[in-house]
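Here is the structure we will look at, set down as structure tokens.
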Amino acid sequence: MKSLNALLILFITFLVIGCTSHNSIKTDIVVSSNQGNLYFSFPKDKKVLVYHYEINDYENFESDGITYKRLFVSKEINKEVKEIIFENYKSKKIVENHAYYMLLGEQGLNKTGVGFTTVGFCLHKDKILTKQQNENTSAFIQKCHDL
Numbered sequence: 002m003k004s005l006n007a008l009l010i011l012f013i014t015f016l017v018i019g020c021t022s023h024n025s026i027k028t029d030i031v032v033s034s035n036q037g038n039l040y041f042s043f044p045k046d047k048k049v050l051v052y053h054y055e056i057n058d059y060e061n062f063e064s065d066g067i068t069y070k071r072l073f074v075s076k077e078i079n080k081e082v083k084e085i086i087f088e089n090y091k092s093k094k095i096v097e098n099h100a101y102y103m104l105l106g107e108q109g110l111n112k113t114g115v116g117f118t119t120v121g122f123c124l125h126k127d128k129i130l131t132k133q134q135n136e137n138t139s140a141f142i143q144k145c146h147d148l
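Take the sequence shown: its position 65, counting from 1, is numbered 66 in our numbering, and each next residue is one higher.
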């Protein structure tokens, strides 16, 4: 039974990663910061329905060794938004020169309908580095450390 559960968790993880990798290629979310808040702004020409989002740590895993460590999970939003404001990010253990990503349950950013979109980011002083299209995660993490 334990091996079946482990396989199921592994399958779901690969499914989510596969979906998010596909959608992250087409995403044009702008990440910025101001007065201790992070802003994830959507294109003005698109209507984006956000169901939920979470901020995960690209570099640390949960105790299962498979799932990225979750730092924050939103409540259900289920409304059209132009931006997500992640308030007082430092109090939620977001630190400089460390890689994170937002996993976004949304509809409207891509032509695929309802899906997951990821936005990789890291902070360095007043700059925000975002993960580029098709960029290898390990390379992105190294860039964050080298800032």
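Where a beta carbon is used, it is the ideal one built from N, C-alpha and C, also for glycine.
Owing to the predicted nature of the structure, the values given are computational and were not obtained by experimental measurement.
In chain order, which continuous runs of the beta strand (DSSP E) of length 3 or greater are located wholly inside the segment 96 to 136?
-> 101 to 108, 115 to 125 and 128 to 131
Please classify Ile-56: does DSSP put it in a helix, a strand, or coil?
-> Taking the sequence shown and counting its residues from 1, the one referred to as residue 56 is at position 55. In the structure shown, Ile-56 sits in a strand (DSSP, three-state: E or B).
Would you mind stating whether Gly-121 and Lys-132 have Cβ atoms separated by less than 9 Å?
-> For the purposes of this step, residue 121 is taken as the residue at position 120 of the sequence shown. For the purposes of this step, residue 132 is taken as the residue at position 131 of the sequence shown. Contact: yes.
Which residues mark the beginning and the end of the beta strand (DSSP E) in which Phe-41 is found?
-> Your numbering for residue 41 matches position 40 in the sequence shown. That run of the beta strand (DSSP E) goes 38 to 42.
Skipping 5 residues on each side, what residues in its chain have a beta carbon closer than 8 Å to that of Glu-84?
-> Locating residue 84 in the sequence shown gives position 83, counting from the first residue. So the list reads Tyr-40, Phe-41, Ser-42 and Phe-43, once near-sequence residues are dropped.
Counterpart residues of Ile-85 in DSSP-defined beta bridges = Residue numbering aside, residue 85 sits at position 84 when the sequence shown is read from its first letter. For Ile-85, which the question treats as bridged, DSSP gives the partners Phe-41.
Leu-50 bridges to which residues according to DSSP?
-> For this step, residue 50 is matched to residue 49 along the sequence shown. Partner(s): Glu-81 and Gln-108.
Under a three-way DSSP split, which group does Ser-92 fall into?
-> To locate residue 92, count along the sequence shown from 1; it is residue 91. Residue state, collapsed to three classes: helix.
Report, in whole angstroms, the separation of the C-beta atoms of Leu-130 and Phe-117, which I expect to be a contact under 8 Å.
-> In the sequence shown, the residue the question calls residue 130 occupies position 129. In the sequence shown, the residue the question calls residue 117 occupies position 116. Incorrect: roughly 22 Å between the Cβ atoms, too far for contact.
Report all residues from its chain with a CB closer than 7 Å to the CB of His-99; omit the five preceding and five following residues, and keep chain order.
-> Sequence index remark: in the sequence shown, residue 99 carries index 98 (1-based). Cβ within range, chain order: Glu-60, Cys-123 and Cys-145.
Report all residues from its chain with a CB closer than 7 Å to the CB of Ser-22; omit the five preceding and five following residues, and keep chain order.
-> By one-based count along the sequence shown, residue 22 stands at place 21. Low local confidence applies: a pLDDT of 44 at Ser-22 is under 50, so the model's placement there is unreliable, with the coordinate-based value given in what follows. So no residue of the chain qualifies.
Along the alpha helix (DSSP H) that carries Lys-70, what are the first and last residues, could you check?
-> As a working mapping, residue 70 is identified with position 69 in the sequence shown. Segment 69 to 74 is the beta strand (DSSP E) holding Lys-70; no alpha helix (DSSP H) there.
Would you mind sorting Val-96 into buried or exposed? The rule is 16 or more other CB atoms within 10 Å of its CB.
-> To locate residue 96, count along the sequence shown from 1; it is residue 95. It counts as exposed.
According to DSSP, residues forming a beta bridge with Asn-35 | Mapped onto the sequence shown, residue 35 falls at position 34. Per DSSP, Asn-38.
Hey, quick one: how far does the alpha helix (DSSP H) through Asp-147 stretch, first residue to last?
-> For the purposes of this step, residue 147 is taken as residue 146 along the sequence shown, with counting starting at 1. Note, Asp-147: alpha helix (DSSP H), 138 to 147.
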